Amino acid sequence: MDRFVVKRPAEDPGGDGKKPRLEDEEEAGGLSRPSVPSQEIRAQGLSLEYRLLFSRAEADAIYQQLEKEVEYFEGKGRMFGKWHQIPRKQVTYGDPELTYTYSGVTFSPKPWIPVLNHIRDRLVLETGHAFNFVVINRYKDGEDHIGEHRDDEKELVPRSPIASVTFGACRDFVFRHCDSRGKNATRHIKPIRLQLEHGSLLMMKYPTNVYWYHSLPIRRRVLAPRINLTFRKMMPVGNK
DNA sequence: AAACTCTCACTGGG
DNA sequence: GCCCAGTGAGAGTT
1 MDRFVVKRPA
11 EDPGGDGKKP
21 RLEDEEEAGG
31 LSRPSVPSQE
41 IRAQGLSLEY
51 RLLFSRAEAD
61 AIYQQLEKEV
71 EYFEGKGRMF
81 GKWHQIPRKQ
91 VTYGDPELTY
101 TYSGVTFSPK
111 PWIPVLNHIR
121 DRLVLETGHA
131 FNFVVINRYK
141 DGEDHIGEHR
151 DDEKELVPRS
161 PIASVTFGAC
171 RDFVFRHCDS
181 RGKNATRHIK
191 PIRLQLEHGS
201 LLMMKYPTNV
211 YWYHSLPIRR
221 RVLAPRINLT
231 FRKMMPVGNK
């Protein structure tokens, strides 16, 4: 099975899989965080960049703060005329003038809160992109998931990247090429599987979302929550 | 087109 | 080999 796995170096110091991770790695030597290289992942029409953005200690603190301060929407979604309890919790935050449409209804994002500004500031620093909107998904355990989809909302700034930041449980994340889906698939392109770690950043760059669907599949053995934030650049109203 | 569920076939561990 | 839980993927849904 093709699978990209990038581990925090300190997690597997001697190749001993059972060994607990080292504590306080980022305090050693006075570094604020370990220097971790980013990994480019490329395939036809796919361009990703994966790296650890926050140290363990920072990520732990942010996770706690998110759990305390983020308030989620009611978890119902309408599809094919039917209402479903969506298998996760979801909310959007963003600049006040922005709106977005979901299931034919126009919503406004909630105003920014300090912990989200903190993450956003780090993203600007590290990627140079000024995101103005974030979708937060909370998966309470491995039963919570999201089906295959593309992030192709009309409100997105064309060709802008999406920054996916993860806290909490490590989960598999799968990409499938649009031409390799369904019975009448015209091509055979292997799915790409990643593991998204606590404190990690996955940049999904153009044109990934044109050709590739992604999903967070069920993983029954995962018992802990995962919080994912996808930062986007949305166009102001009336500029479509 | 669709951020869903369902079902069925396959697989790997015990 | 058998069983079962976990999984992936196609079908159905307005």
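Quick note: the first sequence uses UniProt numbering, first residue 1, plus one each step. Backbone N, C-alpha and C define an ideal beta-carbon position, used for all residues, glycine too. Treat the numbers as computed from the prediction; the structure is a model and nothing was measured.
Problem set entry | Residues near Asp-144 by beta carbon distance below 6 angstroms, same chain, minus five either side | Reading the first sequence from its first residue, position 144 is the one you call residue 144. Excluding residues within five positions, the ones whose Cβ falls inside 6 angstroms are Pro-87, Arg-88.
Problem set entry | Euclidean distance between Cα positions of Lys-68 and Thr-186 | Along the first sequence, read from residue 1 onward, the residue named residue 68 stands at position 68. Along the first sequence, read from residue 1 onward, the residue named residue 186 stands at position 186. Looking at the two C-alpha atoms, the distance is approximately 47 angstroms.
Exercise. Between which two residues does the beta strand (DSSP E) containing Thr-127 stretch?
Worked result: As a first step, residue 127 must be located in the first sequence, where it is residue number 127. Element bounds for Thr-127: not the beta strand (DSSP E) but the alpha helix (DSSP H), 114 to 127.
For this session: Could you have a look at Ala-224 and say whether DSSP puts it in helix, strand or coil?
Result: What you label residue 224 is simply residue 224 of the first sequence in a count that begins at 1. In this structure, Ala-224 counts as coil in the three-state DSSP scheme.
For this session: Check the C-beta distance from Val-134 over to Tyr-93 and give it rounded, since I have them as a contact under 8 angstroms.
Result: In the first sequence, counting from the first residue as 1, residue 134 sits at position 134. In the first sequence, counting from the first residue as 1, residue 93 sits at position 93. About 5 angstroms separates the two Cβ atoms, so the contact holds.
Exercise. Pick from Ala-43, Gln-44, Leu-48, Arg-42: whose alpha carbon is nearest that of Leu-201?
Worked result: Position 201 of the first sequence, counted from the start, is the residue given in the question as residue 201. The option with the nearest alpha carbon to Leu-201 is Leu-48.
Exercise. Is Leu-66 helix, strand or coil when you go by DSSP?
Worked result: For this step, residue 66 is matched to residue 66 along the first sequence. Helix, per DSSP.
Exercise. Quick one: what does DSSP say Ser-160 is sitting in, helix, strand or coil?
Worked result: Here the question's residue 160 lines up with position 160 in the first sequence. DSSP places Ser-160 in coil when its eight states are reduced to three.
For this session: Taking all protein chains shown into account, decide if His-214 is buried (16 or more other Cβ within 10 angstroms of its Cβ) or exposed.
Result: Here residue 214 is taken as the residue at index 214 of the first sequence, counted from 1. By the neighbour-count rule (16 or more Cβ atoms within 10 Å), His-214 is buried.
For this session: Kindly indicate which residue of Pro-225, Pro-236, Arg-150 has the alpha-carbon position closest to the one of Tyr-206.
Result: If you number the first sequence from 1, residue 206 lands on position 206. For Tyr-206, the nearest C-alpha among the options comes from Arg-150.
Exercise. Using the C-alpha atoms, what's the distance from Glu-148 back to Leu-194?
Worked result: For this step, residue 194 is matched to residue 194 along the first sequence. For this step, residue 148 is matched to residue 148 along the first sequence. Rounded to whole angstroms, Leu-194 to Glu-148 spans 15 angstroms at the Cα level.
Problem set entry | Spatially closest choice to Asn-228 from Phe-80, Cys-178, Lys-140, Gly-81, by CA coordinates | What you label residue 228 is simply residue 228 of the first sequence in a count that begins at 1. Residue Lys-140 is the option with its Cα nearest to Asn-228.
Problem set entry | Helix, strand or coil at residue 245 [DSSP, three-state] | Past the boundaries of the shown model lies residue 245; the chain is included only from 1 to 240, so the question cannot be answered.
Exercise. Residues bridged to Ile-41 by DSSP?
Worked result: Your numbering for residue 41 matches position 41 in the first sequence. The partner list for Ile-41 (beta bridge, DSSP) reads Leu-48.
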